[in-house]
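Trainee: Residue numbers for the sequence shown, in the numbering used here: 2 to 662.
If you scroll down you'll find the structure; I have some questions about it.
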Amino acid sequence: MRNAKNTELQRLLIEILEQDDGRFGMPLLAARQQLIAKARKRKIECNQKTADETILQALDDWTVDKALAPVPIQIEEELNLEPPGPFWHLKILTPEEQGRYKSLAPVEKALIRLLRKQDEPGRRGEIPVEEAEKQLAEQGFTDIPEFMWVNEIVHDFFGFRDGKDARWYGIVNEYWKTEEFKEHEQRMLDESLEKQRQYIQLMEDLEEESRQRRKREEKESHKKNRAKKPKQSQNNNSGASKTNPCNPEWLRAHLVQIVEELSWRDGAPLPVVERRLLAKSEDEGMNCGVEDIQSVIQRTLDDWTLEKTISEIPSAIQDSLGYSSYKLVWHLKIMSEERAQEYRNLEPVEIALIRILQNQNEPDSIGSISVSEAERRLSEQGFEDIPEFMLIKDIVEEFFKLDDGEMVRWYGLIEEFVKTEEYKKQEQKMIEASMEKEYRYIQLMEDLEEESRQRRKREERIAKQQEIKEKKLKQQKIRKSRTVEPKPCNQDWLRTHLIQTVEEVGEGRSAPLVVVQQELIKTAQDERIRCSLRDIHHTIESVLDEWILDKTVIEPSEYMLDSLGYCASEVVWGLKILSDDEIERYRNLKPIVKELISLLRERDDPRTLGMMPVSEAHRLLSKRGFDDIPELICEEGIIQENHVAFDGEEVPAYEIVQHYC
Numbered sequence: 002m003r004n005a006k007n008t009e010l011q012r013l014l015i016e017i018l019e020q021d022d023g024r025f026g027m028p029l030l031a032a033r034q035q036l037i038a039k040a041r042k043r044k045i046e047c048n049q050k051t052a053d054e055t056i057l058q059a060l061d062d063w064t065v066d067k068a069l070a071p072v073p074i075q076i077e078e079e080l081n082l083e084p085p086g087p088f089w090h091l092k093i094l095t096p097e098e099q100g101r102y103k104s105l106a107p108v109e110k111a112l113i114r115l116l117r118k119q120d121e122p123g124r125r126g127e128i129p130v131e132e133a134e135k136q137l138a139e140q141g142f143t144d145i146p147e148f149m150w151v152n153e154i155v156h157d158f159f160g161f162r163d164g165k166d167a168r169w170y171g172i173v174n175e176y177w178k179t180e181e182f183k184e185h186e187q188r189m190l191d192e193s194l195e196k197q198r199q200y201i202q203l204m205e206d207l208e209e210e211s212r213q214r215r216k217r218e219e220k221e222s223h224k225k226n227r228a229k230k231p232k233q234s235q236n237n238n239s240g241a242s243k244t245n246p247c248n249p250e251w252l253r254a255h256l257v258q259i260v261e262e263l264s265w266r267d268g269a270p271l272p273v274v275e276r277r278l279l280a281k282s283e284d285e286g287m288n289c290g291v292e293d294i295q296s297v298i299q300r301t302l303d304d305w306t307l308e309k310t311i312s313e314i315p316s317a318i319q320d321s322l323g324y325s326s327y328k329l330v331w332h333l334k335i336m337s338e339e340r341a342q343e344y345r346n347l348e349p350v351e352i353a354l355i356r357i358l359q360n361q362n363e364p365d366s367i368g369s370i371s372v373s374e375a376e377r378r379l380s381e382q383g384f385e386d387i388p389e390f391m392l393i394k395d396i397v398e399e400f401f402k403l404d405d406g407e408m409v410r411w412y413g414l415i416e417e418f419v420k421t422e423e424y425k426k427q428e429q430k431m432i433e434a435s436m437e438k439e440y441r442y443i444q445l446m447e448d449l450e451e452e453s454r455q456r457r458k459r460e461e462r463i464a465k466q467q468e469i470k471e472k473k474l475k476q477q478k479i480r481k482s483r484t485v486e487p488k489p490c491n492q493d494w495l496r497t498h499l500i501q502t503v504e505e506v507g508e509g510r511s512a513p514l515v516v517v518q519q520e521l522i523k524t525a526q527d528e529r530i531r532c533s534l535r536d537i538h539h540t541i542e543s544v545l546d547e548w549i550l551d552k553t554v555i556e557p558s559e560y561m562l563d564s565l566g567y568c569a570s571e572v573v574w575g576l577k578i579l580s581d582d583e584i585e586r587y588r589n590l591k592p593i594v595k596e597l598i599s600l601l602r603e604r605d606d607p608r609t610l611g612m613m614p615v616s617e618a619h620r621l622l623s624k625r626g627f628d629d630i631p632e633l634i635c636e637e638g639i640i641q642e643n644h645v646a647f648d649g650e651e652v653p654a655y656e657i658v659q660h661y662c
């Protein structure tokens with residue numbers, strides 16, 4: 002077999018994709034397998050490399066698209082696809098879609114081709130932006146846009162690369178383009194915006210509450226300062242000042258008082274409490290330092306009077322603390338007796354873990370520590386049987402964090418906002434939305450599997466019906482042949498039906514000779530006429546000699562490829578009805594040209610069909626009485642001279658001009 006023309010494989014690929022009724026196109030691997038199988042059935046040489054080249058050419062011509070979509074589990078197993086998905090599909094582009102792709106900028110087309118080459122499972126059709134820009138630059142592109150987002154074709158997103166967050170380009174999943182998915186995404190967006198609106202409203206309410214509290218405190222402070230002025234004047238006149246030693250019990254009492262005054266939903270910010278308590282001790286003339294205040298705070302934590310928590314604070318308070326944006330800071334909350342009892346009921350190792358977390362003050366990991374480091378510290382404190390997991394409801398959580406390129410398990414104190422009913426309701430909504438999304442995805446997979454099963458059933462049913470139909474026709478012919486005695490062959494009938502059959506099969510072009518013969522035999526059998534191939538051959542020769550028909554060299558038809566086992570690279574004899582002008586031209590040809598045509602029509606070897614070496618043709622013409630033979634006998638559109646291999650050697654030869662049917 003010889004390699005078939007690219008166009009034949011292209012046509013076959015389009016035919017395969019047109020027959021597929023999948024929702025997102027045909028899986029690429031399935032399309033490749035069918036292309037190879039059908040090409041070989043039609044005697045076209047085609048292997049995996051040839052199939053891939055054909056598919057790539059269709060992609061480059063923008064007649065076919067390479068898309069990403071999920072596939073049913075059954076199909077995934079049948080094709081032995083390497084998970085996770087989505088997987089590559091092929092689908093025919095509409096004229097509008099072709100026009101859109103072709104109108105893209107060259108650099109955007111180059112990016113799409115880069116993405117189509119990315120075949121890593123779980124990362125199919127994705128490439129880091131940095132790597133994409135590098136490869137595009139190597140291809141000669143200089144003005145590469147910073148963002149190349151192509152609606153419903155290419156999107157950009159953030160993902161991990163070598164342990165770091167990086168921007169990526171990716172082919173848009175076909176499922177994301179469905180109305181079903183878009184409606185779900187819109188619901189998720191609306192819920193997220195509502196959650197954000199509620200959070201902003203909460204922050205604004207807290208800021209307003211903080212402003213009102215500061216106004217009250219400023220008024221109270223102003224009253225106290227006015228009351229102290231006479232006393233301070235007396236002290237100044239005496240020329241002596243008194244400083245009292247720091248009183249821990251006084252600090253403790255006022256610490257609790259300040260926490261009560263400053264507390265909002267999540268408690269009182271620790272930096273504000275420390276400043277306020279230090280200022281209050283100075284006003285009372287006590288010699289208290291930061292260490293004294295921190296010692297008193299730790300005592301109240303140890304006896305479960307106060308709780309140390311993590312939360313954000315309103316921007317108004319953050320400004321006073323010198324913070325430029327929302328930030329997690331320590332808070333102090335007064336414990337209820339019930340809450341204090343919950344802490345007392347904890348295991349000693351759990352209490353020790355909480356104390357460790359309360360002393361983690363790094364800005365990027367406040368109140369959190371890696372599990373391995375926590376276990377090491379607990380071991381140093383004398384704990385031996387340290388539980389593998391220490392999750393304490395509404396106090397300690399576990400999470401994973403990227404550390405030196407690896408995901409590491411951490412413990413952390415739970416933020417106060419996470420404990421609120423509002424947050425829990427939103428979290429439940431998100432979980433339900435996620436479960437709904439997963440349910441819809443599972444439903445989609447089941448629908449695709451059911452669609453695949455139904456398609457296979459339809460194909461099996463059609464094949465069965467065709468088999469039954471052919472069997473019935475065969476039985477009818479057998480019964481008919483047994484009941485009617487065939488009539489002898491009539492040359493006039495055969496001549497009339499020969500011309501009619503050539504006209505019907507050829508449809509204005511050359512009709513394959515073998516198909517014409519088969520149709521004549523079928524027609525004769527249907528009309529109960531005894532007719533042999535020899536009778537048909539004599540009739541054809543007679544009509545050819547009258548120059549009513551022409552015997553031409555053509556390529557085999559689709560029917561001959563599919564049903565008769567011909568190879569696409571072969572050529573065969575065809576019959577063509579001549580027009581009046583052509584009949585006159587043939588009849589007016591020189592006798593030597595007519596004789597040469599007759600000689601070439603006798604050449605039936607498939608390798609040299611309608612061909613004859615010039616030397617042999619001249620020798621045969623000479624034998625038939627032609628003396629004055631020209632050096633070359635050519636007739637435009639009928640006979641031409643070419644160089645053809647005969648017996649392993651290329652020699653000048655005459656050949657009948659090939660026609661295309």
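Each residue gets a CB set at the ideal place from its N, CA and C atoms; glycine is no exception.
Three or more C-beta pairs closer than 8 Å, one from the segment 621-629 and one from the segment 647-655: is that the case here?
Mentor: No contact exists between the segment 621-629 and the segment 647-655.
Trainee: Tell me, which residues are paired with residue 512 by DSSP?
Mentor: Taking the first residue of the sequence shown as position 1, residue 512 is located at position 511. Its beta-bridge partners are 576.
Trainee: Identify which residue in 154, 440, 503, 425 has its Cα closest to the Cα of residue 110.
Mentor: For the purposes of this step, residue 110 is identified with residue 109 of the sequence shown, where counting begins at 1. Ranking 154, 440, 503, 425 by Cα distance to residue 110 puts 154 first.
Trainee: Report the rounded CA-to-CA distance for residue 619 versus residue 634, giving the unit in angstroms.
Mentor: Position 618 of the sequence shown holds residue 619. Position 633 of the sequence shown holds residue 634. Looking at the two C-alpha atoms, the distance is approximately 10 Å.
Trainee: Counting Cβ pairs, one atom from each stretch, are 3 or more of them under 8 Å apart for the segment 59-68 and the segment 81-100?
Mentor: With the cut-off at 8 Å, the segment 59-68 and the segment 81-100 touch.
Trainee: Do you know how far the Cα of residue 602 is from the Cα of residue 537?
Mentor: As a working note, residue 537 is residue 536 in the sequence shown. As a working note, residue 602 is residue 601 in the sequence shown. Spanning the two alpha carbons is a distance of roughly 16 Å.
Trainee: Does the Cβ-Cβ distance between residue 518 and residue 534 come in under 8 Å?
Mentor: Position 517 of the sequence shown, counting from 1, holds the residue named residue 518. Position 533 of the sequence shown, counting from 1, holds the residue named residue 534. Their beta carbons are under 8 Å apart, which means residue 518 touches residue 534 by this criterion.
Trainee: On the three-pair Cβ rule with 8 Å, is the segment 136-145 touching the segment 177-189?
Mentor: Contact fails: fewer than three Cβ-Cβ distances are below 8 Å.
Trainee: Could you pull out every residue in the same chain whose Cβ sits closer than 6 Å to the Cβ of residue 392, ignoring the five residues on either side in sequence?
Mentor: Position 391 of the sequence shown, counted from the start, is the residue given in the question as residue 392. If we look at residue 392 and ignore the five residues flanking it on each side, its Cβ neighbours are 399.
Trainee: For the segment 342-386, list the beta strand (DSSP E) runs that are entirely contained and at least 3 residues long, ordered along the chain.
Mentor: Counting whole runs of 3 or more residues, the segment 342-386 contains the beta strand (DSSP E) stretches 369-371.
Trainee: Would you identify the three-state DSSP class for residue 73, choosing helix, strand or coil?
Mentor: Here residue 73 refers to the residue found at position 72 of the sequence shown. Three-state result, residue 73: coil.
Trainee: Taking the alpha carbon of residue 15 as the point to measure from, which residue in 41, 58, 42 has its own alpha carbon closest?
Mentor: Walking along the sequence shown from the start, residue 15 turns up at place 14. Nearest option by C-alpha distance: 58.
Trainee: Just the C-alpha distance for residue 2 and residue 609, rounded to the nearest angstrom, thanks.
Mentor: If you number the sequence shown from 1, residue 2 lands on position 1. If you number the sequence shown from 1, residue 609 lands on position 608. Residue confidence for residue 2 is low, a pLDDT of 35 falling below 50, so the modelled location carries little weight; the figure read from the coordinates is stated next. One C-alpha to the other measures close to 16 Å.
Trainee: Answer yes or no: do residue 453 and residue 20 have a C-beta to C-beta separation smaller than 8 Å?
Mentor: Taking the sequence shown and counting its residues from 1, one reaches residue 453 at position 452. Taking the sequence shown and counting its residues from 1, one reaches residue 20 at position 19. Not in contact: residue 453 and residue 20 (Cβ atoms no closer than 8 Å).
Trainee: As a quick exercise: from 406, 121, 149, pick the residue whose alpha carbon is nearest that of residue 130.
Mentor: On the sequence shown, position 129 is the one that residue 130 refers to. Residue 130 has its Cα closest to that of 149, out of 406, 121, 149.
Trainee: Check whether the Cβ atoms of residue 549 and residue 598 lie closer than 8 Å to each other.
Mentor: Position 548 of the sequence shown holds residue 549. Position 597 of the sequence shown holds residue 598. Taking 8 Å as the Cβ cut-off, residue 549 and residue 598 do not qualify as a contacting pair.
Trainee: Which word fits residue 158, buried or exposed, when buried means at least 16 other C-beta atoms lie within 10 angstroms of its C-beta?
Mentor: Residue numbering aside, residue 158 sits at position 157 when the sequence shown is read from its first letter. Classification for residue 158: exposed.
Trainee: Out of 383, 528, 118, point me to the one whose CA is closest to residue 487's CA.
Mentor: Within the sequence shown, numbered from 1, the residue matching residue 487 stands at position 486. Nearest option by C-alpha distance: 528.
Trainee: When you compare only the Cα positions, how much space is there between residue 301 and residue 216?
Mentor: Working through the sequence shown from its first residue, we reach residue 301 at position 300. Working through the sequence shown from its first residue, we reach residue 216 at position 215. If you take the alpha carbons of residue 301 and residue 216, they lie about 29 Å apart.
Trainee: Would you decide whether residue 575 is buried or exposed? Buried here means 16 or more other CB atoms lie within 10 Å of its CB.
Mentor: Working through the sequence shown from its first residue, we reach residue 575 at position 574. Classification for residue 575: buried.
Trainee: Is it true that the CB of residue 249 sits closer than 8 Å to the CB of residue 297?
Mentor: Within the sequence shown, residue 297 is the residue found at index 296, counting from 1. Within the sequence shown, residue 249 is the residue found at index 248, counting from 1. Yes; because the gap between Cβ atoms is below 8 Å, this pair is in contact.
Trainee: Give me whichever residues DSSP pairs with residue 171 in a beta bridge.
Mentor: Walking along the sequence shown from the start, residue 171 turns up at place 170. Answer by DSSP bridge pairing, in chain order: 127, 156.
Trainee: Is the beta carbon of residue 466 closer than 8 Å to that of residue 555?
Mentor: Translated into positions along the sequence shown, residue 555 becomes position 554. Translated into positions along the sequence shown, residue 466 becomes position 465. Taking 8 Å as the Cβ cut-off, residue 555 and residue 466 do not qualify as a contacting pair.
Trainee: Got a sec, what are the start and stop residues for the alpha helix (DSSP H) residue 7 sits in?
Mentor: The sequence position of residue 7 within the sequence shown is 6, counting from 1. Its alpha helix (DSSP H) spans residues 7-20.
Trainee: Residue 148 by DSSP, collapsed to three states: which one?
Mentor: Along the sequence shown, one-based indexing puts residue 148 at 147. The answer is coil: DSSP assigns residue 148 none of H, G, I, E or B.
Trainee: Counting only runs that start and end within the segment 258-290, where is the beta strand (DSSP E) found for 3 or more residues in a row?
Mentor: As far as the segment 258-290 is concerned, it has no whole beta strand (DSSP E) run of at least 3 residues.
Trainee: State the Cα-Cα distance for the pair residue 35 and residue 97, rounded to the nearest angstrom.
Mentor: To locate residue 35, count along the sequence shown from 1; it is residue 34. To locate residue 97, count along the sequence shown from 1; it is residue 96. Straight-line Cα distance between these residues: approximately 27 Å.
Trainee: Could you give the distance in angstroms between the alpha-carbon of residue 18 and the alpha-carbon of residue 606?
Mentor: Within the sequence shown, numbered from 1, the residue matching residue 18 stands at position 17. Within the sequence shown, numbered from 1, the residue matching residue 606 stands at position 605. So the alpha carbons of these two residues sit roughly 37 Å apart.
Trainee: Start and end of the alpha helix (DSSP H) containing residue 417?
Mentor: Locating residue 417 in the sequence shown gives position 416, where the first residue counts as 1. From DSSP, the alpha helix (DSSP H) with residue 417 extends over 417-420.
Trainee: Does the segment 503-510 touch the segment 462-478, meaning 3 or more C-beta pairs lie closer than 8 Å?
Mentor: The segment 462-478 is not in contact with the segment 503-510.
Trainee: Drop a sphere of 10 angstroms on the beta-carbon of residue 390, count the other beta-carbons inside from all chains shown, and report buried for 16 or more, exposed for fewer.
Mentor: The residue labelled residue 390 in the question sits at position 389 within the sequence shown. Exposed, since its Cβ has fewer than 16 Cβ neighbours within 10 Å.
Trainee: Work out the CA separation of residue 355 and residue 337 for me, nearest whole Å.
Mentor: Start at 1 with the first residue of the sequence shown, and residue 337 comes out as number 336. Start at 1 with the first residue of the sequence shown, and residue 355 comes out as number 354. About 18 Å.
Trainee: Where does residue 396 sit, in a helix, a strand or coil, going by DSSP?
Mentor: Counting from one through the sequence shown, the residue named residue 396 turns up at place 395. Of the three classes helix, strand and coil, the one that applies to residue 396 here is coil, per DSSP.
Trainee: Do residue 332 and residue 269 have their beta-carbon atoms positioned less than 8 Å apart in this structure?
Mentor: Locating residue 269 in the sequence shown gives position 268, where the first residue counts as 1. Locating residue 332 in the sequence shown gives position 331, where the first residue counts as 1. Contact flag set, yes.
Trainee: What's the gap between the Cα of residue 386 and the Cα of residue 274?
Mentor: Position 385 of the sequence shown, counted from the start, is the residue given in the question as residue 386. Position 273 of the sequence shown, counted from the start, is the residue given in the question as residue 274. Whole-angstrom Cα-Cα distance: 38 Å.
Trainee: Have a look at residue 84 and residue 78 and give me their C-alpha separation to the nearest angstrom.
Mentor: For this step, residue 84 is matched to residue 83 along the sequence shown. For this step, residue 78 is matched to residue 77 along the sequence shown. Cα to Cα, residue 84 sits roughly 10 Å from residue 78.
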